[in-house]
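Shown next, in structure tokens, is the structure this report addresses.
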Amino acid sequence: MANLPILQFEEKIVETVEKNSVVVIIGETGSGKSTQLSQILHRHGYTKSGVIAITQPRRVAAVSVARRVAQELDVTLGEDVGYAIRFEDRTSSKTRIKYLTDGVLLRESLSNPMLDDYSVIILDEAHERSLNTDILLGLVKRLVRIRASNFKVLITSATLDGEKVSEFFSGCPVLNVPGKLYPVEILYSKERPVSYIESSLKVAIDIHVREPEGDILIFMTGQDDIEKLVSKLEEKVRSLAEGSCMDAIIYPLHGSLPPEMQVRVFSPPPPNCRRFIVATNIAETSLTVDGVVYVIDSGYVKQRQYNPSSGMYSLDVIQISKVQANQRAGRAGRTRPGKCYRLYPLAVYRDDFLDATIPEIQRTSLAGSVLYLKSLDLPDIDILKFDFLDAPSSESLEDALKQLYFIDAIDENGAITRIGRTMSELPLEPSLSRTLIEANENGCLSQALTVVAMLSAETTLLPTRSKPSDKKRKHDDDSNLPNGSGFGDHIQLLQIFESWDRTNYDPTWCKENGMQMRGMVFVKDVRRQLCQIMQKISKDRLEVGAHGRKSSSRDDYRKLRKALCVGNANQIAERMLRHNGYRTLSFQSQLVQVHPSSVLSADNDGMLPNYVVYHELISTTRPFMRNVCAVEMSWVAPIKRKMEKLNVRKLSGGPAPSFKKPEEKTELSKNDAETPAVSENVESRIEAARERFLARKGQK
DNA sequence: GAGCACTGC
1262 MANLPILQFE EKIVETVEKN SVVVIIGETG SGKSTQLSQI LHRHGYTKSG VIAITQPRRV
1322 AAVSVARRVA QELDVTLGED VGYAIRFEDR TSSKTRIKYL TDGVLLRESL SNPMLDDYSV
1382 IILDEAHERS LNTDILLGLV KRLVRIRASN FKVLITSATL DGEKVSEFFS GCPVLNVPGK
1442 LYPVEILYSK ERPVSYIESS LKVAIDIHVR EPEGDILIFM TGQDDIEKLV SKLEEKVRSL
1502 AEGSCMDAII YPLHGSLPPE MQVRVFSPPP PNCRRFIVAT NIAETSLTVD GVVYVIDSGY
1562 VKQRQYNPSS GMYSLDVIQI SKVQANQRAG RAGRTRPGKC YRLYPLAVYR DDFLDATIPE
1622 IQRTSLAGSV LYLKSLDLPD IDILKFDFLD APSSESLEDA LKQLYFIDAI DENGAITRIG
1682 RTMSELPLEP SLSRTLIEAN ENGCLSQALT VVAMLSAETT LLPTRSKPSD KKRKHDDDSN
1742 LPNGSGFGDH IQLLQIFESW DRTNYDPTWC KENGMQMRGM VFVKDVRRQL CQIMQKISKD
1802 RLEVGAHGRK SSSRDDYRKL RKALCVGNAN QIAERMLRHN GYRTLSFQSQ LVQVHPSSVL
1862 SADNDGMLPN YVVYHELIST TRPFMRNVCA VEMSWVAPIK RKMEKLNVRK LSGGPAPSFK
1922 KPEEKTELSK NDAETPAVSE NVESRIEAAR ERFLARKGQK
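See the structure below:
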């Protein structure tokens, strides 16, 4: 601890914090900023007037850093030093130093907007620019203005452009603290490889044969490429003459790997053995592998982006930024001097790569964040002019307002409604919180709680990619899982949880049915949390117990589908007349299809329901609706009428010159106009699919 | 008839 670089700057830091409300601290990896900054300020009396809060973008980081600081101060974790993450608050009235995720701090600021328990707020890892950190940056900027001058804010980051943040905070001082990284030699390719899998393979084997010991970390974009490269590496390593070089062991590393497979990279390798770790960007920030000396960087990353005009997400392979490239290279210099092989030329890095990764706030739907900001009732802050470090596009904000309007969270003037206020209490995306509120009025809250919890855990729920022998969750005739009774995926998710619930949460049930235990337990936790919040909100006692209940009835399903229709008013699609393609009602009307993994069933003529709601639009090989539920026309009609009356200009609080498209209204009200142009190709493909479906049905 | 970068309240 004594040799951490940051401690040499202790006096300088304290002196600067004393004189300024906001200080930016740029500290490279290994500087000790996450563990030492709080202790330095504690030593100099900053915990006398309040608690020091340090935010982290990730739960594991909040817990592990808190644990280390408690150790260094020789106190019991949860007393003087504690942490707070979702589902787990390990703090007490004694706590002076509190580590928490930035999401938890945002929740706290809902009930205590001044955050006046805190004498100091440290926003750590701000360079990652998570959505929550970006919103906190705007909020603390305001707090600095309105709270007493002894309130201090520190923004710390590894590579963040210090000048930009300093400018954002009216020219506050920037301190640089050196890190403890060893030098990393950067080697560039002469040109972009045709296949970066082949190219990585060649470079990795070259290193293995020629270079001294040290592990190799290879950055790929996704599971598919990782698996391909792993098997090629295994083959190649086997073919090397025995005794010609040291042994090798090859690990894949990505998010959908079960935890026990992920932690293998933390156990030390056998002696005289080199490890190859083939990873996604999970190894860029979330997981740090010791012993890496060589990094191979493909220069690509897979990133999810949101298109506010179509409401559609896509998962694209894109070029990384300079910041990311340097973060990857830094992974080679943690234990001793290393080398980074970039599979792209210097000119590409210099001229083509963006300086920094596009912040999340510019890549995601903002409905939740805008509702959050509206619920804070900041009299001096106009949402559309909220002070963001990097502002989202006006199109994106406009989209968020429209979404909130259709689900009654804001009125036609853009003011938050009673429903919107209740929604903001719930840690859910707006469509789901709206569904819960409707279900509460509707008499199907228990079912809705389950579905909403299942949906918010969906990605952790799915079984690891099915091998041909594995049972698939959906559309498999021999699967034991319920099928949604024809109504679609939401009902199936409800039935799945109810089945597990009836076994008294038996782990073997999960295994037998191909569900991930970890994901199902998370659903249970989310459900319990939502239950408590709903109990608090409602005055009446709620019927929300799931355990020991009989299965839901068709009548329950009907109520639930109706609540889903209200909550997903933005996400309704209408089937085309002659085939099973759908067009979306809100957003620019577009042709989409039900995702093939859906359990939604067709009628005897092979036709799907006339109206469905969907949880998400995702463009992969084609635009798909994922998680689809059948709804009825009479439920959709009032929503359609509401859409026709939409006036975007009013929503955003009067004429706003930044909005370029006030004509949006006419565009949206054309719902009853002719079907949008569809290329013949798509039409005929859908027609062919329907014929195949009918043929299969006839065979049975 | 297709597909899952990574977080988080």
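In my numbering, the protein residues as written are 1262 to 1961.
Think of the CB as a built atom: it goes at the ideal place given N, C-alpha and C, for glycine as much as any other residue.
Values in this document were obtained by computation on a predicted structure and should not be read as measured data.
Distance from the Cα of V1892 is smallest, within the candidate group P1857, L1907 and G1828, for G1828. Taking one beta carbon from each stretch, the stretch 1831 to 1846 and the stretch 1548 to 1562 have fewer than 3 pairs nearer than 8 Å; the two do not touch. The beta carbon of A1586 lies closer than 8 Å to those of D1558, G1560, R1603, Y1610 and F1614 in the same chain, with the five residues before and after it left out. Look at the beta carbons and you see the stretch 1404 to 1412 not touching the stretch 1652 to 1663: under three pairs across the two are nearer than 8 Å. Within the same chain, and ignoring the five residues on either side of F1527 in sequence, the residues whose Cβ sits closer than 8 Å to its Cβ are V1550 and D1551.
F1748 is classed as buried because its beta carbon has at least 16 other beta carbons within 10 Å across all chains shown. Bridge pairing for Y1872: E1835 and V1892 [DSSP]. In the DSSP assignment, C1534 forms a beta bridge with D1508. Under the three-pair Cβ rule at 8 Å, the stretch 1378 to 1385 counts as touching the stretch 1309 to 1316.
The C-beta separation of I1671 from I1698 comes to about 14 Å, leaving the pair out of contact by the 8 Å criterion.
In the assembly as shown, M1507 is an exposed residue. Its beta-carbon has fewer than 16 other beta-carbons within 10 Å.
The beta carbon of P1620 is closer than 7 Å to those of R1390, D1395 and D1651 in its chain, skipping five residues each way along the sequence.
Scanning L1576, S1310 and R1592 for the CA closest to the CA of E1289 turns up R1592. In the three-state scheme derived from DSSP, where H, G and I count as helix and E and B as strand, G1423 is classed as helix. Counting along the chain, the unbroken alpha helix (DSSP H) around C1771 starts and ends at P1768 to E1773. The C-alpha of A1331 is placed about 14 Å away from the C-alpha of L1361. Distance check between A1540 and each of E1333, L1693, R1525 and V1787 places R1525 closest, using alpha-carbon atoms only. A check of alpha carbon separations from R1844 across A1322, R1819 and F1885 identifies F1885 as the nearest. The beta carbons of S1292 and P1439 sit closer together than 8 Å. In this structure, I1468 keeps its C-beta atom at 8 Å or more from the C-beta atom of D1486. Two segments are said to touch when three or more pairs of C-beta atoms, one from each, lie closer than 8 Å; by this definition the stretch 1869 to 1886 does not touch the stretch 1764 to 1782.
Looking at the backbone, the Cα of V1414 and that of K1273 are separated by about 16 Å. For V1562, the number of other beta carbons within 10 angstroms of its own is at least 16, and it is reported as buried.
Per DSSP, V1414 lies in no alpha helix (DSSP H); the unbroken beta strand (DSSP E) holding it starts and ends at K1413 to S1418. In the three-state reduction of the DSSP assignment, Y1555 falls in the strand class, which pools E and B.
Bridge pairing for V1326: absent [DSSP]. With a cutoff of 8 Å on beta-carbon distance, Y1567 and S1626 are scored as near each other. For K1785, the enclosing alpha helix (DSSP H) has its first and last residue at M1778 to I1798. Non-local beta-carbon contacts of G1572 in its own chain, meaning distances under 6 Å to residues more than five positions away in sequence, involve F1848 and L1878 in chain order. The alpha-carbon separation between K1493 and S1636 amounts to approximately 53 Å.
The C-alpha of Q1564 lies about 42 Å from the C-alpha of K1811.
When C-beta atoms of the stretch 1321 to 1331 are compared with those of the stretch 1465 to 1482, fewer than three pairs fall below 8 Å, so the two segments do not count as touching. Shown here for M1684: same chain residues with a beta carbon closer than 7 Å to its own, the five before and five after excluded, namely L1632, A1670, P1691, S1694, R1695 and I1698 in chain order. T1417 counts as buried, since at least 16 other C-beta atoms from the protein chains shown sit within 10 angstroms of its C-beta. Put simply, the backbone Cα of L1367 is about 14 Å away from that of R1320.
If you draw a 10 Å sphere on the C-beta of D1363, you find 16 or more other C-beta atoms in it, and that means buried.
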